[in-house]
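Undergrad:
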Amino acid sequence: LKKISRQYAKSAAPVRRAAVIGAGVMGAGIAYQSALRGVPAILKDVSDKALDAGMAEAQKLLAKQVEQGRLSLDRADAIAAAITPSLTFDGFGSVDVVIEAIVENIDIKAAVFRQIEGIASAETILASNTSSLRIADLADGLRHPENFIGMHFFNPVPKMALVEVVRGPKTSEAAVATIVGYASALGKTPVVVGDCPGFVVNRVLTPYLIAFLHLVRDGVDFHHIDRVMEGFGWPMGPAYLIDVIGLDISHHVAEIVSAGFPERMAASHPSAIDILLADGRLGQKNGRGFYLYARDPKGRPR
Ligand code: NAI
299 LKKISRQYAK SAAPVRRAAV IGAGVMGAGI AYQSALRGVP AILKDVSDKA LDAGMAEAQK
359 LLAKQVEQGR LSLDRADAIA AAITPSLTFD GFGSVDVVIE AIVENIDIKA AVFRQIEGIA
419 SAETILASNT SSLRIADLAD GLRHPENFIG MHFFNPVPKM ALVEVVRGPK TSEAAVATIV
479 GYASALGKTP VVVGDCPGFV VNRVLTPYLI AFLHLVRDGV DFHHIDRVME GFGWPMGPAY
539 LIDVIGLDIS HHVAEIVSAG FPERMAASHP SAIDILLADG RLGQKNGRGF YLYARDPKGR
599 PR
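Count the sequence shown with full-length UniProt numbering and you get residues 299 to 600, in order.
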């Protein structure tokens, strides 16, 4: 893998400036990681509340680096200044890469990409952080599908090494090389994967999470399942993992991947996710999921 990445990285166009759309769990992490590794980023959202929360998250990550002695205060301030919060598309004309990290909905994402194409330069690479949607479907109707690609980070972005680089049917080799190079520059491990609902990770993960939901429907206590899987050696059990991902995102991903491969993974409804979502529980992001995160939203569950 390292050899393939190095080969791609050789022909990669340098990414000097990036823009990230969506300042949520993923977008804030991506903008932080980019700035940390020397690529200034615009962080755009439609909600000023979400933008403030995204910038606060980046500040928190920087403060942690300072606390741990990995960054000086001056350096942390300089990195924070390299993230430009924005509610508009100002500056999008001069970025090399745009990474979209908004809601997992094909119509909303497609509309945003069409809008960006009208603003960004024809050479700008447009990347989606989608967890499950096909790149071919998102690229449909774009003027430059050759510059369109999947760049799938994992949560939490600063910690997780893997980036799935998803090559759509029309994605150019140059775009693949640029994104492999950019992911490497961010300190990540890019792996080029094919285009299908869920790519590799979520095709493997979705049947596991569906099996978990079936067990919960059968009446097995989710705490018990988490303890068993953690005892088995996994870093976290499925209920806690769904809380980390977000119940809304997990729901959308399960729908998309199981619709793509209905003969292989059958969901049953209402699942525990459906029931918790109807109660407004989104997971760690709003402090309520399978577990309650009353004191520290990122802490281990009570
Ligand atoms: P989130 O719900 O935390 O954040 C989404 C953000 O996008 C919100 O701040 C919202 O205000 C903003 N937004 C919505 N429409 C917008 C628009 N038109 N323009 C600008 N901003 C807009 O969602 P999260 O978890 O960050 O997920 C975002 C994407 O990343 C999804 O496609 C998801 O599938 C993918 N992803 C999520 C992972 C996870 O573990 N949560 C892991 C890997 C990928």
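Glycine included, every Cβ here is placed at the ideal spot set by N, Cα and C. It should be emphasised that the depicted structure is a prediction, and the values quoted were computed from it without experimental measurement.
1) Between residue 511 and residue 555, what straight-line distance do the alpha-carbon atoms span, to the nearest angstrom?
2) By DSSP's criteria, residue 341 is part of a beta bridge. Which residues make up the other side?
3) Give me the DSSP bridge partner(s) of residue 446.
4) May I ask you to check if the CB of residue 348 is nearer than 7 Å to at least one heavy atom of the ligand NAI?
5) Residue 385 and residue 343 look like a contact to me (Cβ under 8 Å); what is the Cβ gap, rounded to whole Å?
6) Tell me which residue opens and which closes the alpha helix (DSSP H) that residue 406 is part of.
7) Would you identify the three-state DSSP class for residue 476, choosing helix, strand or coil?
8) Give the secondary structure of residue 397 by DSSP, where H, G and I count as helix, E and B as strand, and everything else as coil.
9) The alpha helix (DSSP H) that contains residue 504, what's its start and end?
10) Look at residue 397 and residue 449 and say whether their C-beta atoms are less than 8 Å apart.
11) Go ahead and pull the three-state DSSP assignment for residue 533.
12) Going by the DSSP bridge assignment, what does residue 586 pair with across the sheet?
13) Do the region 331-345 and the region 484-498 meet, that is, are 3 or more Cβ pairs less than 8 Å apart?
14) At a cut-off of 7 Å, would you count residue 522 as near the ligand NAI, judging by its Cβ distance to the nearest heavy atom?
15) In three-state terms, what does DSSP make of residue 359?
16) Is residue 452 near the ligand NAI, judged by its Cβ being under 7 Å from some heavy atom?
17) So, using beta-carbon positions, are residue 328 and residue 498 closer together than 8 Å?
18) Assign residue 526 to one of three DSSP states: helix, strand, or coil.
19) Can you find a CB in chain C that lies within less than 8 Å of the CB of residue 567?
20) Closer than 8 Å is the cut-off here; do at least three beta carbon pairs connect the region 420-427 with the region 377-395?
21) Am I right that residue 463 and residue 488 are in contact with their C-beta atoms under 8 Å? What's the rounded C-beta distance?
22) Answer with buried or exposed for residue 412, where buried requires no fewer than 16 other C-beta atoms within 10 angstroms of its C-beta.
23) Per DSSP, residue 464 is paired with what?
24) Can you check whether the CB of residue 491 is closer than 8 Å to the CB of residue 306?
TA: Reading off the structure:
1) 15 Å
2) 318, 383
3) 424
4) yes
5) 7 Å
6) 404-415
7) helix
8) strand
9) 499-515
10) yes
11) coil
12) 581, 590
13) yes
14) no
15) helix
16) yes
17) no
18) helix
19) In the displayed structure, chain C is absent; only one protein chain is listed.
20) yes
21) 5 Å
22) exposed
23) 448, 491
24) no
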